[in-house]
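Numbering (the UniProt record's numbering), first residue to last: 16 to 532.
Ideal Cβ placement from N, Cα and C applies to all residues, glycine included.
Just so we're clear, the structure is a prediction, and the values are computed from it rather than from any experiment.
A short worksheet on the structure shown next.
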Amino acid sequence: KVLIVDFGSQVTQLIARRVREAGVYCEIAPFQLAERAFTFLAPRAVILSGGPASVHDQGAPRAPDALFSAGVPVLGICYGEQAMAAQLGGKVAAEHHREFGRAEVEVLAESALFDGVWTKGGRYPVWMSHGDAVTELPPGFSRMATSASAPMAAIADEARRFYGVQFHLEVAHTPDGAKLLSNFVHKVAGLKSDWTMRAFRQEAIAAIRAQVGGGRVLCGLSGGVDSAVAAVLIHEAIGERLTCVFVDHGLLRQGEAEEVVRLFRGHYNIPLVHVQAQDLFINALIGVRDPEEKRKTIGRLFIATFEAEAKKIAADGRGAPEFLGQGTLYPDVIESVSFSGGPSVTIKSHHNVGGLPERMNMTLVEPLRELFKDEVRELGRELGLPEAFVGRHPFPGPGLAIRCPGGVTPEKLAILRQADAIYLDEIRKAGLYDEIWQAFAVLLPVQTVGVMGDGRTYEFVCALRAVTSVDGMTADFYPFDMKILGRAATRIINEVKGVNRVVYDVTSKPPGTIEWE
Ligand code: XMP
């Protein structure tokens, strides 16, 4: 295991993903809990993340001293390097030359960290983002690499296996970063690549059996990948003692509800209650224009519908389910992990079923709590979910309701669904689906004049959105070849009655959000 001490960097999760991609299990602990996490996890290596602080700040975050006397290798990145240097007797100065963005390092010495990747005398591109820099080495350390603004771009005490890098090796802009991280966990720390989804599947199944015993589990399906993978895994563990409830709110994309039903009943033969609640939701949404009001309405109805179904299931003579299965992922729980070793962790309520566990007095079963999104997809493949399902773009719980600014009607939903399907079809045909993080159509409450054939038209505008992103926190609009957009627009206008104009959204996040509402 590797422990990552989080000093508040925006990209700490990327460090964890890179380590896991190297086949090594790791967990993130905020620096305040690092000491407890260190004792609890007994990691074989520690990584100190970057962070926004300066070691000269009052009360600047520090790594627990215990880390440096336990004989485990430590890698400090950016602020992590500075904190390590300052704590071990070196000096850090506020640099005159702040460095943000692409830079080049010159390698000054061979190192276990660089082994097979960087050689002495070579120059390599890296990504820098720092104000302060290490200016004086702590005892026992040597300078391994230098850059124009960071004389100590990489430092090491090879005997104690302490390494510090000023650049961010976890980001894609440092092309060799993943290899350097792999060197740290494999060659320096001697850890094996044993974190695979095949191994995880077996362990997770044993853990679910141990937790649930002879009890029953109820699982809500949203139509998305996370809840589906969680349900399939729980089913593999406890079979017919799982019941899935799929509340169909009528706000899903074209063919999506059918696909879920087919997958669970046909492909897996997992007990599934398909609640047809389309009318309930649409009637409550008509006239609601405010985005948050839409979310609240949908959330409230979802809980009420789900609860009603749970009561019916509890009355079926097999006893009420004591457990609620959820597809909560690691990014949702990182801040709340207590490292107490007990089950008393605080849980952030999941977007789609927020409030359910407290109200229903059920114990949560969350087999995906340790996984990142891409790992869930891999696990889904391992469990035999179809590729088309596993690789699907994320989709918000409130569904198409938040893609109809100005209010939802059944007619608008039908138009949006059709336009969205055509757009995605064109993206797939162009071979770009997997390259794009999320793509969808939005139906604007604006009508414009057009001309079709000999006649004047006055119809809705459809906006197309596509973004690349790592985690949805930030995103860039996708720079389509205009020909592809043109093809999608022509097809939408020709095939979808009610749309006569198509526009493309070129806003990144920030300042925009991915969804329009
Ligand atoms: P934004 O629009 O905030 O979206 O940039 C970031 C990601 O979150 C999804 N999203 C939601 N997911 N319930 C959800 O389950 C919601 O209310 C919700 N709002 C946004 C969005 O699709 C994107 O992937």
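For ASP80 and GLY86, the gap between their C-alpha atoms comes out near 12 Å.
A contact is defined here as three or more CB-CB pairs under 8 Å, and the region 250-258 fails this definition with respect to the region 304-314.
Collapsing the DSSP output to three states places ARG310 in a helix. Among the bridge pairs identified by DSSP, ARG516 is matched with VAL476. The beta carbon of GLY342 sits closer than 7 Å to the beta carbons of ASP241, SER242, VAL244, ALA245 and LEU383 from its chain, once the five residues preceding and following it are set aside; these are given in chain order. Judged by DSSP secondary structure, HIS201 falls outside any alpha helix (DSSP H); it is assigned neither H nor E.
In the structure shown, PHE321 adopts helical secondary structure according to DSSP, grouped into three states. By the 16-neighbour rule on beta-carbons within 10 angstroms, TYR345 is buried. Three or more beta-carbon pairs separated by less than 8 Å are not found between the region 207-225 and the region 172-180, which leaves the two stretches without contact.
With a threshold of 7 Å, the Cβ atom of GLY412 counts as near ligand 1, since some heavy atom of the ligand is closer than that.
Beta bridge pairing from DSSP links LEU278 with no other residue.
In the pairwise beta carbon analysis, the region 436-449 is classified as not touching the region 324-335: fewer than three pairs are separated by under 8 Å. Per DSSP, reduced to three states, the secondary structure at TYR139 is strand. Secondary structure of ILE43 (DSSP, three-state): strand. Restricting attention to LYS16, ARG33 and MET143, the CA atom closest to the CA of GLY66 is found in MET143. One alpha carbon belongs to ASP209, the other to LEU29, and they sit about 19 Å apart. Taking the Cβ of THR528 as the reference point, at least one heavy atom of ligand 1 falls within a distance shorter than 7 Å. Look at the beta carbons and you see the region 473-489 touching the region 519-527: at least three pairs across the two are nearer than 8 Å. Note that the C-beta distance between GLU119 and LYS135 is not below 8 Å.
Taking the Cα of GLU530 as reference, the smallest distance to any Cα among PRO425, VAL70 and ILE417 is reached at ILE417.
Under the three-state reduction of DSSP output, SER162 falls in the strand class. Residue range 89-92 is occupied by the beta strand (DSSP E) that includes VAL89. Just measuring C-alpha positions, the residue of PRO401, ILE328 and LEU316 sitting nearest VAL288 is ILE328. Ranking LEU500, PHE83, VAL485 and ILE62 by CA distance to the CA of GLY104 puts PHE83 first.
Taking 7 Å as the cut-off, the C-beta of ARG310 counts as close to a heavy atom of ligand 1.
Taken in chain order, the complete alpha helix (DSSP H) segments of 4 residues or longer contained in the region 240-270 are 240-253. Here the alpha carbon of ALA434 sits roughly 28 Å from the alpha carbon of GLY235.
GLU273 and LEU428 have their C-alpha atoms spaced approximately 17 Å apart. Taking every protein chain shown into account, the CB of PRO76 has 16 or more other CB atoms within 10 angstroms, so this residue is buried. The Cβ atoms of ARG392 and GLY412 do not sit closer than 8 Å to each other. Within the same chain, Cβ atoms closer than 8 Å to the Cβ of ALA436 are found at ARG268, GLN269 and GLY270, the five residues on either side in sequence being excluded.
At least one heavy atom of ligand 1 lies less than 7 Å from the C-beta of GLY487. Remark: the shortest separation between the CB of GLN73 and any heavy atom of ligand 1 does not fall under 7 Å. Of SER69, VAL186 and GLU96, the smallest CA-CA separation from ALA31 is found for VAL186. From the listed residues GLY501, GLY238 and VAL511, the smallest Cα separation to TYR519 is found for GLY501. Per the C-alpha coordinates, the member of CYS41, ARG35, GLY23 and GLU36 positioned closest to LYS16 is CYS41.
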